[in-house]
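Chains as they are written, first to last, in my numbering: chain Z, 2 to 260; chain B, 2 to 260.
The C-beta atom is built at its ideal place from N, Cα and C for all residues, glycine as well.
What you are looking at is a predicted structure, and each value in this text was computed from that prediction instead of being measured.
2 protein chains.
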Amino acid sequence: MNSITSRDNPRIREYVQLSSQKKARIRAGLFVLEGVKLLEEAFFSGIEIESVYITPECLESGKSQLAVLEQLGEKVFLITGAAASRLFQSKTPQGVCAVCRIPEHRPDFDKMGRYLGLWDLQDPGNVGTMLRTADALGFDGVILSRDCCDLYNLKTVRAAMGALFRMPLLVTDMQAFVTEYRDKLTFYASVVDADAPGITSIRFPAGSVMMIGNEGNGLSAEQVALCGNRVTIPMTGRAESFNAAMAATILMWEMCRRS
Amino acid sequence: MNSITSRDNPRIREYVQLSSQKKARIRAGLFVLEGVKLLEEAFFSGIEIESVYITPECLESGKSQLAVLEQLGEKVFLITGAAASRLFQSKTPQGVCAVCRIPEHRPDFDKMGRYLGLWDLQDPGNVGTMLRTADALGFDGVILSRDCCDLYNLKTVRAAMGALFRMPLLVTDMQAFVTEYRDKLTFYASVVDADAPGITSIRFPAGSVMMIGNEGNGLSAEQVALCGNRVTIPMTGRAESFNAAMAATILMWEMCRRS
Numbered sequence: 002m003n004s005i006t007s008r009d010n011p012r013i014r015e016y017v018q019l020s021s022q023k024k025a026r027i028r029a030g031l032f033v034l035e036g037v038k039l040l041e042e043a044f045f046s047g048i049e050i051e052s053v054y055i056t057p058e059c060l061e062s063g064k065s066q067l068a069v070l071e072q073l074g075e076k077v078f079l080i081t082g083a084a085a086s087r088l089f090q091s092k093t094p095q096g097v098c099a100v101c102r103i104p105e106h107r108p109d110f111d112k113m114g115r116y117l118g119l120w121d122l123q124d125p126g127n128v129g130t131m132l133r134t135a136d137a138l139g140f141d142g143v144i145l146s147r148d149c150c151d152l153y154n155l156k157t158v159r160a161a162m163g164a165l166f167r168m169p170l171l172v173t174d175m176q177a178f179v180t181e182y183r184d185k186l187t188f189y190a191s192v193v194d195a196d197a198p199g200i201t202s203i204r205f206p207a208g209s210v211m212m213i214g215n216e217g218n219g220l221s222a223e224q225v226a227l228c229g230n231r232v233t234i235p236m237t238g239r240a241e242s243f244n245a246a247m248a249a250t251i252l253m254w255e256m257c258r259r260s
Numbered sequence: 002m003n004s005i006t007s008r009d010n011p012r013i014r015e016y017v018q019l020s021s022q023k024k025a026r027i028r029a030g031l032f033v034l035e036g037v038k039l040l041e042e043a044f045f046s047g048i049e050i051e052s053v054y055i056t057p058e059c060l061e062s063g064k065s066q067l068a069v070l071e072q073l074g075e076k077v078f079l080i081t082g083a084a085a086s087r088l089f090q091s092k093t094p095q096g097v098c099a100v101c102r103i104p105e106h107r108p109d110f111d112k113m114g115r116y117l118g119l120w121d122l123q124d125p126g127n128v129g130t131m132l133r134t135a136d137a138l139g140f141d142g143v144i145l146s147r148d149c150c151d152l153y154n155l156k157t158v159r160a161a162m163g164a165l166f167r168m169p170l171l172v173t174d175m176q177a178f179v180t181e182y183r184d185k186l187t188f189y190a191s192v193v194d195a196d197a198p199g200i201t202s203i204r205f206p207a208g209s210v211m212m213i214g215n216e217g218n219g220l221s222a223e224q225v226a227l228c229g230n231r232v233t234i235p236m237t238g239r240a241e242s243f244n245a246a247m248a249a250t251i252l253m254w255e256m257c258r259r260s
């Protein structure tokens with residue numbers, strides 16, 4: 002196994018750039034992940050892994066499946082000394098990280114399945130959690146507006162727990178997308194408004210998109226109008242106090258049960 | 002308005018202790034919160050506020066409702082200089098924080114309402130989010146085992162978004178509690194098991210408790226047996242990949258719709 006000790010090794014520099022800069026990720030078409038579990042999820046989901054960096058302690062702990070490391074062969078590097086302290090900065094470093102190729106796995110809209118739309122979501126944890134829920138509920142794809150937070154920063158990757166490796170994704174100009182697809186797909190704008198149709202009163206047709214808006218402001222009046230249909234979580238109580246990820250969970254859950 | 006400049010002022014020392022040490026919180030019966038919104042939520046929820054610390058910038062920004070500060074009168078302190086840099090350490094300091102009394106607001110089990118049980122939950126963000134969801138759905142109380150993470154650390158307070166100020170709470174020996182109440186209340190142990198009764202097939206009687214287990218391990222076989230009833234989220238897909246807060250959201254949502 003090759004080993005790297007210097008903090009200025011070009012591979013270490015590349016990793017730090019990819020981990021901290023969205024621009025570097027987009028330019029290279031690469032992202033990074035941390036931890037044994039995510040590495041295995043990526044590997045078994047067919048994500049192309051460019052390189053793996055592992056500490057001797059992690060290797061000896063036997064936590065990482067040897068099968069994965071063996072198959073990756075020359076792509077695995079042993080990291081020690083100053084290189085290790087530069088790579089593994091988190092409070093509870095897991096001792097293994099990897100550089101992976103961003104998958105191109107676009108949703109198939111001809112399938113007329115169930116889709117989630119995220120318009121201007123800003124919190125990486127929220128976006129990751131919503132991807133995870135969409136994956137758990139068997140959604141067929143997620144569409145993200147370009148002004149959403151970056152999908153491949155470490156926080157999103159962590160919160161998505163592998164959903165990012167499996168879920169078909171499209172990052173696009175959302176206004177143009179809705180305009181182009183509104184004759185084919187049915188768009189539902191989620192709103193907090195007691196007068197909007199309740200989620201439990203709707204029967205979702207094939208090819209439905211649940212659109213979620215920005216955490217603080219929700220969808221704008223223009224965005225709602227463009228979607229054409231509104232939907233709300235009918236609650237007598239304090240429904241306005243759901244956070245975006247909780248609301249999206251309930252909406253997606255009911256969408257699965259009503260189509 | 003009194004003002005504090007020294008970083009060694011006893012009030013500053015007390016705040017730092019309360020914010021970082023669970024023991025100090027329990028001993029004093031006090032907790033701390035940060036931010037204009039939480040301060041107002043606490044005030045209007047009837048939480049007893051011992052002291053408010055505010056920077057001149059925050060005061061001048063007019064973000065904080067003057068009404069609240071006026072009513073708190075001599076409890077408000079202007080914080081400048083070294084005292085400010087010690088109090089407001091977060092990346093995006095809001096410029097206002099407060100010391101509050103931990104409310105004693107025990108659930109009324111004679112009401113035979115809907116309750117959430119949290120057994121050995123470790124992540125403050127998860128616990129806060131679950132409290133927030135229980136609040137939004139109008140639950141009547143939350144019971145927490147003593148080995149759950151502390152309810153009043155800043156992360157939980159932040160994620161709960163005021164639910165902590167309103168929701169009746171009981172922290173107790175969960176095994177003893179279930180044993181004592183199992184003749185009166187009906188306990189449902191949430192499990193990941195395709196053979197367990199699905200949440201959509203259950204009709205919940207008055208006085209039901211939805212029990213959620215530890216994030217990594219779920220409820221143990223003994224805990225499940227003690228609860229007496231099992232419930233799962235029926236999914237053909239990848240239900241095992243829900244995170245604890247998402248699963249709890251779906252379970253609580255369905256519980257409200259089926260009782």
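By the DSSP assignment, the alpha helix (DSSP H) with B:Met168 in it spans what residues? Looking at the DSSP string, B:Met168 is not in any alpha helix (DSSP H), and its letter there is neither H nor E.
C-alpha gap between Z:Gly74 and Z:Met2, whole angstroms: 8 Å
By the 10 Å Cβ neighbour count, where 16 or more other Cβ atoms means buried, how is B:Thr250 classified, buried or exposed? buried
Assign B:Gln224 to one of two classes, buried (16 or more other C-beta atoms within 10 Å of its C-beta) or exposed (fewer than that). buried
Contact set between B:Phe243 and chain Z, taken where Cβ atoms lie within less than 8 Å: Arg133, Thr134, Ala137
Quick check on the DSSP output: what are the complete alpha helix (DSSP H) runs of length 4 or more inside the stretch 23 to 77 of chain Z, in order along the chain? 23 to 29, 37 to 45, 57 to 62, 67 to 73
Does DSSP put B:Gly139 in a helix, a strand or coil? coil
Taking 7 Å as the cut-off, decide whether the C-beta atoms of Z:Leu1 and Z:Val179 are in contact. For chain Z, the structure presents residues 2 to 260; residue 1 of chain Z sits outside this window and is missing.
If contacts are defined as beta-carbon pairs under 8 Å, then B:Glu35 and B:Gln95 qualify, I think. What distance do you get, rounded to the angstrom? 6 Å
Checking 7 Å against the spacing of the C-beta atoms, do Z:Asn230 and Z:Asp121 come in under that value? no
So, does the stretch 93 to 109 of chain B touch the stretch 22 to 41 of chain B, judging by three or more C-beta pairs under 8 Å? yes
Opposing strand residues paired with B:Gly118 [DSSP bridges]: B:Ile144, B:Met212
Could you pull out every unbroken beta strand (DSSP E) segment of at least 3 residues lying fully inside the stretch 182 to 229 of chain B, listed in chain order? 187 to 191, 209 to 213
Three-state secondary structure assigned by DSSP to Z:Leu152: coil
Does the contact criterion of 3 or more C-beta pairs under 8 Å hold for the stretch 150 to 170 of chain Z versus the stretch 183 to 198 of chain Z? no
Locate the beta strand (DSSP E) running through B:Arg102, then write down its first and last residues. 97 to 102
Spatial neighbours of B:Phe243 within its chain, please: CB distance less than 8 Å, with the 5 preceding and 5 following residues excluded, ordered by chain position. Ile234, Ile251
Exposed unless 16 or more other CB atoms sit within 10 angstroms - verdict on Z:Phe45: exposed
Excluding the 5 residues preceding and the 5 following B:Ala248 in the sequence, name in chain order all residues of the same chain whose CB lies nearer than 7 Å to its CB. Ser191, Ile234
Using a Cβ-Cβ distance cut-off of 7 Å, determine whether Z:Ile48 contacts chain B. no
Counting only C-beta atoms, is Z:Thr233 closer than 7 Å to chain B at any point? no
The stretch 108 to 126 of chain Z: which residues have C-beta closer than 7 Å to a C-beta of chain B, in chain order? none
Applying the criterion that 16 or more other CB atoms from any shown protein chain within 10 Å of the CB defines a buried residue, is B:Ile27 buried or exposed? exposed
Could you pull the start and end residues of the beta strand (DSSP E) that Z:Ser4 belongs to? 3 to 5
So, using beta-carbon positions, are B:Gly142 and B:Pro104 closer together than 7 Å? no
Skipping 5 residues on each side, what residues in its chain have a beta carbon closer than 6 Å to that of Z:Val210? Tyr116, Gly118, Leu186, Phe188
What is the DSSP secondary structure of B:Thr173, counted as helix, strand or coil? strand
Under a Cβ-count criterion, where at least 16 other Cβ atoms within 10 Å of its own Cβ denotes burial, should Z:Gly63 be classed as buried or exposed? exposed
Who pairs with B:Arg231 in a beta bridge, going by DSSP? B:Ala190
Tell me, please, whether the CB atom of B:Thr157 is closer than 7 Å to any CB atom in chain Z? no
So, at 8 Å on beta carbons, what are the nonlocal neighbours of B:Thr201 in its own chain, with the 5 sequence-adjacent residues on each side left out? Pro235, Glu255, Arg259
Tell me, which residues are paired with B:Ile80 by DSSP? B:Ile5
How about Z:Thr250: is its C-beta nearer than 7 Å to some C-beta of chain B? yes
For B:Met253 and chain Z, any beta-carbon pair shorter than 7 Å? no
Count the other CB atoms, across all protein chains shown, that sit within 10 Å of the CB of Z:Asn218; report buried if there are 16 or more and exposed otherwise. exposed
Looking only at C-alpha atoms, which of B:Glu41, B:Gln72, B:Ala83, B:Ala43 sits nearest to B:Thr56? B:Ala83
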